[in-house]
Structure formats: C-alpha cells, structure tokens
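Asks: Residue numbers (this note's numbering), protein chains in the order written: chain A, 50 to 164; chain B, 2 to 116.
(1) Tell me whether residue 151(A) sits in a helix, a strand or coil according to DSSP, three-state version.
(2) Determine the chain B residues that contact residue 156(A) at a beta-carbon separation under 8 Å, and present them in chain order.
(3) Please list the residues of the stretch 73 to 88 of chain A that have a C-beta atom closer than 7 Å to any C-beta atom in chain B, keeping them in chain order.
(4) Kindly identify the DSSP beta-bridge partner or partners of residue 93(B).
(5) Can you pull the chain A neighbours of residue 56(B), defined as C-beta to C-beta under 8 Å?
(6) Output the boundary residues of the beta strand (DSSP E) element that contains residue 54(A).
(7) Can you round the beta-carbon distance between residue 126(A) and residue 113(A) to whole angstroms, since I take them to be within the 8 Å contact cut?
(8) With a Cβ-Cβ cutoff of 9 Å, do residue 83(A) and residue 143(A) count as a contact?
(9) Within the continuous beta strand (DSSP E) that includes residue 111(B), where are the two ends?
(10) Can you say whether residue 81(A) is buried or exposed, counting buried as having 16 or more other CB atoms within 10 angstroms of its CB?
(11) Does residue 90(A) pass the burial test, meaning 16 or more other C-beta atoms within 10 Å, or should it be called exposed?
(12) Let me make sure I understand the geometry here. Which of 37(B), 86(B), 80(B) and 76(B) has the alpha-carbon closest to that of residue 25(B)?
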C-alpha cells in the first residue's frame, strides 16, 4: 500500500519570501505520479503542480516548483515570492501509474502567509 | 464548461437519517471518484465509478454506505442511518478517461454534519 507523509502540520512565511513544504511517500512502484493540491478556505481542491516519476526534471509552474528525489521518495514544494493568496492547506498526493487513477493524500500542511 | 458540481454544499442530518450527496461530473467525464475528508485530515479515497459500474470500492465502509453512477444523471453517494462519525466533507472528482495519470478535477465538496 502507498502512504504519503507530510510532517509539517503548520507553517508560516512572510509575504514575498520563500517557503518549502515537505512530503515523503512509500511505494514499491517504479512509475507513478505525484501532485500538490491547494485547498483554500473555500474548500475547493486546486491542482498546483504535478510530477511524473519517470521524468528526472523537476516540475515548475510559475512561483511553484518541486524538488523530486526519487531514491529518497521525497517530493517537496517550494513557493517563491509568497503571496497572501497562497494561504491555504496544501496536500501532497500519490497516484499509481497502472491503477484506477485514485489518489492517496497526505494529512496536509496549513500554510499561512503573513503580511 | 462547468466544473464538477456537488450539491448540496452543506447538509445537516439527525442521527439515524439518510444522507444523499450528489455529484455531476464535468461534461465529457465518465469517471467519478468519491473522497472523504475528516477535520484536519487529508482526503481518503472511498470509491471509483464509471457509468453504471463500480470499479473500486475498497475505501467504502462495508455497511450503510453505497454509491452509484447511473447512465443518466449525477453520481449519488448514499449514507444510511447516519452517525456522528459520518460528519465530514465529501468530495467528488471526475476525469475524462482511465488513461494512467489522468488528472481528476474536484468539486467543492459537501459538508455533512450529523447532529
């Protein structure tokens, strides 16, 4: 079974600074997908970034980038130039390559961006 | 193209009543996933359905919970004889196909409160 661990229940960062959220996972699969989702107070789940395990290059989306370390089973999210609108819960998720496309989520990290 | 629509957004039920949660997937999506989110936790997979078929219900409690996705109309998650422990946010996600790694799009969730 796959498990996803987010060891930081809460984090805070000053506006315009950079913050890194941690995620580790456990799997015996060799190919899979990893995701970071953002859940603001509206509760809407918003996809932030996605990484295919077979790609060595780290994914980036504007101010968001990941540090994917496959051997260490680590998938951290870096948010640069933090904005007040980044305040939200952030969930790391794992999906098997050959499966039903259902995701396994971590428990989340609550990020607060302070003005 | 409307997103995934869930209704109601909020549902209050007394212990022992039935709860029906509805999910209309995005247009063109024939795959639906239901997740449950307990307070301060990540989303937990419950069930995966395609039109008229349950593909994977490994995350569904064995009793009182059922799901369907009929040929016409929304997907329904039904909880019979609700108990306080059923209080949670229930999210539906849909995807267009079974191809591995296909991104799922989430609705805004239904928050069920059992009193």
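The beta carbon of each residue, even a glycine, is placed where N, CA and C say it ideally should be.
Replies: Concretely, from the data shown:
(1) As a first step, residue 151(A) is located in the first chain; it is residue number 102 there, counting from the start. DSSP places residue 151(A) in coil when its eight states are reduced to three.
(2) Counted from its first residue, the first chain places residue 156(A) at position 107. Correct list: 41, 42 and 43.
(3) Taken in chain order, the members of the stretch 73 to 88 of chain A whose beta-carbon sits within less than 7 Å of a beta-carbon on chain B are 82.
(4) Position 92 of the second chain, counted from the first residue, corresponds to residue 93(B). Answer is 35(B).
(5) Taking the second chain and counting its residues from 1, one reaches residue 56(B) at position 55. What residue 56(B) touches in chain A: 149.
(6) Position 5 of the first chain, counted from the first residue, corresponds to residue 54(A). Note, residue 54(A): beta strand (DSSP E), 52 to 54.
(7) Residue 126(A) sits at position 77 when you count from the first residue of the first chain. Residue 113(A) sits at position 64 when you count from the first residue of the first chain. Right, their Cβ atoms sit about 7 Å apart.
(8) The residue labelled residue 83(A) in the question sits at position 34 within the first chain. The residue labelled residue 143(A) in the question sits at position 94 within the first chain. Contact: yes.
(9) Numbered from its first residue, the second chain carries residue 111(B) at position 110. Run containing residue 111(B): 111 to 115, per the beta strand (DSSP E) assignment.
(10) Working through the first chain from its first residue, we reach residue 81(A) at position 32. Around the C-beta of residue 81(A), 16 or more other C-beta atoms lie within 10 Å, and the residue is accordingly described as buried.
(11) For the purposes of this step, residue 90(A) is taken as the residue at position 41 of the first chain. So residue 90(A) ends up on the exposed side.
(12) As a working note, residue 25(B) is residue 24 in the second chain. With distances taken between Cα atoms, residue 25(B) lies closest to 76(B).
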